[in-house]
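Numbering (this note's numbering), first residue to last: 8 to 76. C-beta atoms are modelled at their ideal positions from N, C-alpha and C, and glycine is treated no differently. Keep in mind that this is a model prediction, so the values were computed, not measured. Okay, structure first, notes after.
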């Protein structure tokens, strides 16, 4: 693990240790909400891909050519 990441984790742990219990609970609720949103977006993406699986695709190189012009 890079040193910067380890230091950031230590800082976060110290911040959480200084928080009041109610604030820790609020933080955990918010983290759960963000996780829920991410899972919902993933499910929407999976459903979209499943619905459009048989549609023709365009190679990325072709799309990039259009943007370069």
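Local conformation of residue 27 per DSSP, three classes:
For the purposes of this step, residue 27 is taken as residue 20 along the chain shown, with counting starting at 1. Note: residue 27 maps to coil in three-state DSSP.
For residue 60, which three-state DSSP category applies?
Counting from one through the chain shown, the residue named residue 60 turns up at place 53. DSSP places residue 60 in coil when its eight states are reduced to three.
Distance, Cα to Cα, residue 49 vs residue 11?
Within the chain shown, the letter at position 42 stands for residue 49. Within the chain shown, the letter at position 4 stands for residue 11. Their Cα atoms are separated by approximately 30 Å.
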